[in-house]
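Below is one structure, written out as structure tokens; the observations come after it.
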Amino acid sequence: DKGDIDKAMYHYNKAIEIDSTYTKAYLNAAALVLQKEQSIIEEMNSLGTSNADYNRYDELKIVREDLYKSAIPYLESVYKLDNKNLSAVRTLRNIYSAIDDMDNYKKFKAIAEDLESKID
Numbered sequence: 013d014k015g016d017i018d019k020a021m022y023h024y025n026k027a028i029e030i031d032s033t034y035t036k037a038y039l040n041a042a043a044l045v046l047q048k049e050q051s052i053i054e055e056m057n058s059l060g061t062s063n064a065d066y067n068r069y070d071e072l073k074i075v076r077e078d079l080y081k082s083a084i085p086y087l088e089s090v091y092k093l094d095n096k097n098l099s100a101v102r103t104l105r106n107i108y109s110a111i112d113d114m115d116n117y118k119k120f121k122a123i124a125e126d127l128e129s130k131i132d
């Protein structure tokens, strides 16, 4: 529930405040933020073709983009601390694609491809 999510976010942010190099706290905070995406997508997918539905879809698209943007600082922090963290790199690539930030999308796409080529 929302109280548990808020409490978890508080603790992740507190952990980051105590140890700004603790990448798991950044990753978990980003995952918590992005967890909200599923209900938005489900609602978007359930909409019909009326004008009201189109308007609601546009509203939800903005909410989803704001959600993505709020996860970026956590993921960028992970990347700065651990530039080989493929999970953070892939998620950043996907977010930048979704919000039409093509410069950053291309940057993280190239980084992801480089890291993936080095996996044994």
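Letter by letter, the sequence shown follows residues 13 to 132 in my numbering. Ideal placement from N, C-alpha and C gives every residue a C-beta, glycine not left out.
Item: Three-state secondary structure assigned by DSSP to THR103; Value: helix
Item: LEU98 and GLU88 closer than 9 Å at C-beta; Value: no
Item: Cβ neighbour criterion (16 or more within 10 Å) applied to ILE30; Value: exposed
Item: For SER62, the three-state DSSP class (helix, strand or coil); Value: coil
Item: Cβ-based neighbour list, LEU39, same chain, cut-off 6 Å, excluding 5 preceding and 5 following; Value: VAL90
Item: Reduced DSSP category for ASP113 - H, G, I as helix; E, B as strand; rest coil; Value: coil
Item: Closer than 9 Å to chain C by CB, VAL75; Value: Among the chains of the structure shown, chain C does not appear; only one protein chain is present.
Item: Straight-line Cα distance separating ARG102 from THR83; Value: It is worth fixing the name first, because residue 83 is Ala in this sequence and not Thr. If you take the alpha carbons of ALA83 and ARG102, they lie about 13 Å apart.
Item: Presumed contact (8 Å Cβ cut-off) between TYR86 and ALA41, rounded CB distance; Value: 5 Å
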